[in-house]
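Taking the working numbering as reference, the numbering of the sequence shown is continuous, increasing by one, and the terminal residue is 632. For reference, the structure discussed in these notes is given below.
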Amino acid sequence: MLTLMEEVLLISLNEEKGNFSFTASTFIDYCLTGAILMELEHLQRIRVSNKTVEVLDARPLNNQRLELALHQLDSSERHRPPEHWVAKLRSTLKGLRKSLLEEMADKALLREEEQQGFLFFTSTRYPVRDERARKDILDRIHRVLLRGENPDRKTAKLIGLLYASGILPYLVDKGERKEAKKRAKDITKDDILANAVKKAVQSTSTNPAFY
């Protein structure tokens, strides 16, 4: 089963080119740190309110990324709002996106390809290898946003992250974006962490694509 972070990356990549759109490239790291906080909340390691993120259980985890994030939260001398931690973890968890993409290539979800750039510079692309997995995620999103299906917890969180970051409109046809936006807004209106991602994104951009 894919993690929430893996689903965010898999659905946000251009499946053939193996890169991200400008919007996705700019804001996807906020989605990833938001997903980390969501997972810690689900594991009952933290309690989240609109004003604070409180550590409930700081014992070690068997996931290095979650443990690093939990340690930072627990080491803070001040209670800070969720949007602070979305932005803070984005800057302190160096190489998060890259390491996840590499792991997904190792799991055969993506292909890792070196591309020759200008002069002697190269870049790495990650075209989607497991097209079935990506299609399954997209189908789940469409069933909820366009057909009125009730989302499970994971799908609701995924929609919240993609909506908050402005990535979601690129996953539906132009004629369906208004309906999808309304549905996503309803689903995420009470999701504190999705709204924290939205606030963090808005602090860096006055015009995210979906607002």
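No residue lacks a Cβ here, since even glycine has one placed at the ideal position from N, Cα and C.
Limits of the unbroken beta strand (DSSP E) element including residue i
i             : result
glutamate 535 : 534-537
Secondary structure of residue i, DSSP reduced to three states
i              : result
threonine 454  : helix
glutamate 437  : coil
methionine 422 : coil
glutamate 462  : helix
serine 446     : helix
aspartate 560  : helix
Length of the line joining the Cα atoms of residue i and residue j
i              : j                 : result
lysine 599     : glutamate 498     : 43 Å
alanine 490    : leucine 510       : 7 Å
glutamate 535  : aspartate 557     : 27 Å
proline 502    : threonine 473     : 4 Å
arginine 466   : leucine 614       : 15 Å
histidine 500  : arginine 574      : 27 Å
leucine 579    : cysteine 452      : 9 Å
glycine 596    : lysine 610        : 23 Å
alanine 577    : phenylalanine 542 : 40 Å
arginine 553   : lysine 602        : 25 Å
alanine 529    : asparagine 571    : 30 Å
aspartate 551  : threonine 447     : 24 Å
arginine 480   : lysine 619        : 29 Å
glutamine 537  : asparagine 440    : 14 Å
valine 549     : aspartate 527     : 12 Å
glutamate 462  : alanine 605       : 21 Å
valine 429     : leucine 583       : 7 Å
glutamate 486  : arginine 564      : Before going further, note that residue 486 is arginine rather than glutamate in the sequence given. Going by the C-alpha atoms only, they are around 31 Å apart.
isoleucine 432 : leucine 423       : 12 Å
lysine 438     : serine 544        : 12 Å
isoleucine 457 : serine 624        : 20 Å
serine 520     : asparagine 471    : 30 Å
serine 442     : arginine 532      : 18 Å
isoleucine 562 : leucine 522       : 22 Å
serine 496     : leucine 566       : 39 Å
isoleucine 449 : arginine 546      : 16 Å
valine 622     : lysine 515        : 18 Å
aspartate 612  : valine 469        : 10 Å
Among the options, nearest to residue i - alpha-carbon criterion
i             : options                        : result
leucine 517   : Thr454, Lys606, Lys472, Ile432 : Thr454
arginine 568  : Ser512, Glu436, Val593         : Val593
valine 507    : Ala617, Ser624, Gln623, Thr625 : Ala617
glutamate 524 : Met426, Thr625, His505         : Met426
aspartate 607 : Ala585, Ala621, Gln623         : Ala585
threonine 513 : Lys528, Arg532, Gln493, Tyr591 : Gln493
tyrosine 591  : Thr444, Gln623, Lys438         : Thr444
leucine 434   : Ser624, Ile588, His463         : Ile588
leucine 482   : Val622, Glu460, Val469, Lys519 : Glu460
glutamate 436 : Arg555, Asp612, Gly581         : Arg555
Range of the contiguous alpha helix (DSSP H) that encloses residue i
i             : result
aspartate 607 : 598-609
glutamate 376 : Nothing about residue 376 can be reported from this structure: the residues present for the chain run from 422 to 632 only.
tyrosine 591  : Run containing tyrosine 591: none; DSSP gives neither H nor E here.
threonine 625 : It is not in any alpha helix (DSSP H) - threonine 625 carries neither H nor E in the DSSP assignment.
lysine 578    : 574-586
Completely contained beta strand (DSSP E) runs for the segment 465-551, where each covers 3 or more residues:
As far as the segment 465-551 is concerned, its whole beta strand (DSSP E) runs of at least 3 residues are 467-469, 474-476, 534-537, 543-546.
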